[in-house]
Structures are given as C-alpha cells and as structure tokens.
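For this note's numbering, count along the sequence shown from 1 and bump the result up by 7.
Worksheet for the structure shown next.
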Amino acid sequence: MTQINETPRRRTTAGRRPVGKVLPGDARRHHRALILQQLVDDGARSRADLARETSLTRVTISDLVSELMDEGFLVELGTRPGTHMGKPATLVGISEEAPVAIALDLSADGVLSGAVVDLGGLILVREQVAFSRGDDIAAIAALAQHLRDATPRRILGVGIGTPGIVDTHGTVVIAPNLGWDNLDLAAQLSAALGLPVHAGNDSNVAAVAESAFGAGDDQGMLLLMIGSGVGGGVMIDGRALAGPLQSSGEIGHVVVDPDGRQCACGNRGCLETFLSAPALKQLDNDDARRDVGLKLATVLTPVVTTLGIADVVLYGPAELLEGALLDSVRGAFAQQTLPFVAQRVQVRLVPMRDELVLTGAAALVRYRELGVV
Ligand SMILES: [Zn+2]
Numbered sequence: 008m009t010q011i012n013e014t015p016r017r018r019t020t021a022g023r024r025p026v027g028k029v030l031p032g033d034a035r036r037h038h039r040a041l042i043l044q045q046l047v048d049d050g051a052r053s054r055a056d057l058a059r060e061t062s063l064t065r066v067t068i069s070d071l072v073s074e075l076m077d078e079g080f081l082v083e084l085g086t087r088p089g090t091h092m093g094k095p096a097t098l099v100g101i102s103e104e105a106p107v108a109i110a111l112d113l114s115a116d117g118v119l120s121g122a123v124v125d126l127g128g129l130i131l132v133r134e135q136v137a138f139s140r141g142d143d144i145a146a147i148a149a150l151a152q153h154l155r156d157a158t159p160r161r162i163l164g165v166g167i168g169t170p171g172i173v174d175t176h177g178t179v180v181i182a183p184n185l186g187w188d189n190l191d192l193a194a195q196l197s198a199a200l201g202l203p204v205h206a207g208n209d210s211n212v213a214a215v216a217e218s219a220f221g222a223g224d225d226q227g228m229l230l231l232m233i234g235s236g237v238g239g240g241v242m243i244d245g246r247a248l249a250g251p252l253q254s255s256g257e258i259g260h261v262v263v264d265p266d267g268r269q270c271a272c273g274n275r276g277c278l279e280t281f282l283s284a285p286a287l288k289q290l291d292n293d294d295a296r297r298d299v300g301l302k303l304a305t306v307l308t309p310v311v312t313t314l315g316i317a318d319v320v321l322y323g324p325a326e327l328l329e330g331a332l333l334d335s336v337r338g339a340f341a342q343q344t345l346p347f348v349a350q351r352v353q354v355r356l357v358p359m360r361d362e363l364v365l366t367g368a369a370a371l372v373r374y375r376e377l378g379v380v
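Next comes the structure, spelled out in structure tokens:
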C-alpha cells in the first residue's frame, strides 16, 4: 500500500543552502545569502549563532549584518532572555519593513492576479484584473505599478508566473493559450517599470513556492498544477529542474489516448484533456474519476520512479481531486512501481487557495536577487 501522509512534514533545513557555482567575485553575495537564508529559515539569532551556523568568521558576519541592516533587510531585536553569563547576545532578524517582491500570476484563464509578497512568502496586498489573450502587456505593467504604489516598502523586484515555456532570461518561448511566441516578457516589463523582472513557467514557480514556503521536499518533488490546463514542476537536489529545452514538467501533454479529444497543443488525448479542471467538472461518477486517476498514475509513475522522487503534489481544486481520483492515483502507484519506492512516495493534495503561483513568483525574485532559496 502506498504510504499516505496528509500532514505536511516538517521541512528540514539542514543542508539547505543556496546552490550554484560560486566565483570569487560572488563571495560577498554568497555570504549575504547564507546569512539571510539562516534567518529566513530559522528566525532571529545572534551574530555568534550565525557565525557558527554559516562557518563564516565573526568579523565577516558583523560586517555583512551591518550592511544588511543599512539596506533595511535586518533589524536588531533586543537580547536573548537570561541564558549565559557575561554579555547577553543581541538577536538579529528579518525586518518587518524589509524589501518585498511584486508577484504576478497569469495562470488563470482571463485573469491576471498580483500581490505584494514579503521575504517569508506572506501575501500583504492582493489585486486582480481581467486579462485575456490579445491584451497588451502594458496592462501587466499597470497592475505591477498599482501594487508598487500600494506599499511603502522598497521593491526588490517583480516575479511573474506565466503559462508556456519560459527561458532563463524571462522570454516566453511559446505560450499557445496567450498567443505568445518569443515574447521577451521580463525585458519589456523591466523597461516599463525600471525594476528587475524575473519570469518563469507557472507550474515551475508553483513548485518553487511549495518547496520555499510549504511542505515540499526540495530534494525531490513533482508538483502537478491542475487548472484550466495541466502543468508540472520538478524540484530536484534543491533546485527547480529546467532542462535544456526549458520545458521540464510539461507532463500535461503526454498522450494517454491517441484516439482522444483534440488538445490545444495539436495532439489528441493528452493527459490535460482528461485532467484539466474543466474536463474533471464534466465527470459525473466515481468510476470515471478512478479512470482518470489511473491515467494520471500511468504517466506519473515512470517519472517519479526514474527521478527517485518521494513527494508528489497535486495542486488544484480539492473538490475535483479528492476522493475517487486521488485514491485511484495512490492505489495505482502502489502497484506500478518498486515496493521500496511505493512505500516511500506520498501523493498529497495542496488546495488552489494556497496561491502558489503568486508566492512562487516572489520566491523567484528572492532567489535571483538575494540567492535565498
Ligand atoms: Zn496537448
């Protein structure tokens, strides 16, 4: 039987460190990232704690903490209540006035959502406007500007989660639903706003959010976002998987029935034609829901087994996924893979209200601007 665990696991932060090659010139930025990461993950602590936990010298810690305080990221929070003899340690922590990100979400049909999100992933202000295929991207810049005006805090940057294949420069290579083809979205928004802008695929940024702010296992997680379409994002070894085609996670367009319905991508019978929210709404009995669960498991099992992932997240409308469909996915997993894997994989549900695309877009800004994962 598949191991089922509805309770979000406590995410361990041990070994979670900003990743990537460190060049000598990046050392200062990397050291700042280590300090911010520790404070974001584990809360206020003393400079001595930070020195011990990051293996940086006390002199370096003092220097960088002062710099981060001057920039408004950190504040002193008084002394730790009576513990050691001698001089009490002063705690430092993330400031309640620290810079924030503007996050934008284009994943929903006909709607553009935006938010001001703090460094801990908390949504402070939320707005939405109508946005459809053919609308000018000036409308996106206008919402970002509106959000910027809605907060007195410094803006670190703008993050945007969009459907489609998005490269590392924030160019939307292709997004059929929005009619975009090689649109340099991040560059255009950045020029309009005078702020750094980072764009990513909506499902990929949702996976980043579940790992940065939720219960996601960033060492190995597959998140399937089920909305007007079906997309996926993979976290592996602490980072979001992109792949040379930048199309990692596009699992919704694996064909499960070659004679099935026409899909927006041009093929027939893609997983998306069965599993999207509009398709699920049409199902009127549990046998049909179990059948979709089986199709989903047949696509997921080889991927999950190959990558050695234990955390599988279905992110979507709980009322459509809970019950027969989810039970069927879990049951099929147990039968279709190695018992060793089946016993360890958990398939869990994250409801749409968690706003993972918005918080993930903010996490993208946090990572690209500060190196904090
Ligand atoms: Zn398709």
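The beta-carbon is built from N, C-alpha and C at its ideal position, and this holds for glycine as well.
### Query
Helix, strand or coil: how does DSSP classify threonine 178 here?
coil
### Host alpha helix (DSSP H) of serine 218 (start-end)
209-219
### Query
DSSP three-state call for alanine 108: helix, strand or coil?
strand
### Query
Is serine 335 helix, strand or coil when you go by DSSP?
Helix.
### Message
For leucine 131, count the other beta carbons within 10 Å of its own beta carbon; 16 or more makes it buried, fewer makes it exposed. Which is it?
### Response
exposed
### Task
Check whether the segment 200-208 touches the segment 349-356, counting contact only when three or more Cβ pairs, one atom from each stretch, lie closer than 8 Å.
no
### Query
Less than 7 Å between the CB of alanine 286 and some heavy atom of ligand 1, yes or no?
Answer for alanine 286: no, Cβ out of range of ligand 1.
#### Entry: Host alpha helix (DSSP H) of arginine 59 (start-end)
54-61
### Buried or exposed by the 16-neighbour rule on C-beta atoms within 10 Å, applied to glutamine 44
Around the beta carbon of glutamine 44, 16 or more other beta carbons sit within 10 angstroms, so the residue counts as buried.
### Message
Given the structure, does glutamate 279 come close to ligand 1, in the sense that its CB is under 7 Å from one of the ligand's heavy atoms?
### Response
yes
### Three-state secondary structure assigned by DSSP to alanine 369
Per DSSP, reduced to three states, the secondary structure at alanine 369 is helical.
### Message
Quick check on leucine 119: buried or exposed, where buried means 16 or more other Cβ atoms within 10 Å of its Cβ?
### Response
buried
### Query
Based on Cα-Cα distance, which residue from Ala122, Phe80, Leu328 lies nearest to proline 106?
Phe80
### Task
To the nearest angstrom, report how far apart leucine 229 and alanine 331 are at their CA atoms.
21 Å
### Query
Would isoleucine 147 pass as a contact of isoleucine 109 if the rule is Cβ separation under 8 Å?
no
### Query
Along the chain, where does the beta strand (DSSP E) that runs through arginine 133 open and close?
130-137
### Message
Can you determine whether any heavy atom of ligand 1 sits closer than 7 Å to the C-beta of alanine 271, and answer yes or no?
### Response
yes
### Query
Between the beta-carbon of glycine 238 and the beta-carbon of glycine 256, is there less than 8 Å?
At a Cβ-Cβ threshold of 8 Å, glycine 238 and glycine 256 count as neighbours.
### Query
How many Å lie between glycine 117 and proline 285 at the Cα?
14 Å
### Task
Would you list the residues sitting across from glutamate 326 in a DSSP beta bridge?
Paired residues: none, contrary to the question.
### Task
Measure the C-alpha to C-alpha separation of histidine 38 and leucine 196 and round it to an integer number of angstroms.
Each residue's Cα considered, the two are about 30 Å apart.
### Task
Grab me the residues of tyrosine 374's own chain with a C-beta within less than 7 Å of its C-beta, minus the 5 sequence neighbours each way, in chain order.
Result list for tyrosine 374: Val380, in chain order.
### Query
Out of Gly177, Met76, Arg87, which has the shortest C-alpha to C-alpha gap to serine 102?
Met76
#### Entry: aspartate 188, DSSP secondary structure in three states
strand
### Query
Which whole-angstrom value is the C-beta distance of isoleucine 233 and leucine 154, which I expect to be below 8 Å?
Not quite, the Cβ-Cβ distance comes to about 27 Å (not below 8 Å), so this is no contact.
#### Entry: glycine 300 classed as buried or exposed, judged by whether at least 16 other C-beta atoms fall within 10 angstroms
It counts as buried.
#### Entry: Heavy atom of ligand 1 within 7 Å of asparagine 274 beta-carbon
yes
### Message
Can you look up valine 237 in the DSSP assignment and give me helix, strand or coil?
### Response
strand
### Query
How about valine 173 and valine 180: are their beta carbons less than 8 Å apart?
yes
### Message
Using a Cβ-Cβ cutoff of less than 6 Å, which residues in the same chain neighbour valine 215 once the five nearest sequence positions on both sides are dropped?
### Response
Ala247, Gly367, Ala370
### Query
Mapping DSSP to helix, strand and coil, what is arginine 355?
Here arginine 355 carries a strand assignment [DSSP, helix/strand/coil].
### Task
Kindly list the residues whose CB is nearer than 7 Å to the CB of valine 364, restricted to its own chain and excluding five residues on each side of it in sequence; keep chain order.
Asp112, Ser114, Gly168, Asp209, Val212, Ala213
### Message
For a test of your reading of the model: does the CB of histidine 38 fall under 7 Å from any non-hydrogen atom of ligand 1? Yes or no.
### Response
Look at histidine 38: its beta carbon is at least 7 Å from all of the heavy atoms in ligand 1.
### Query
Who pairs with glutamate 83 in a beta bridge, going by DSSP?
Val99
#### Entry: Simplified DSSP state of serine 255, which is helix, strand or coil
coil
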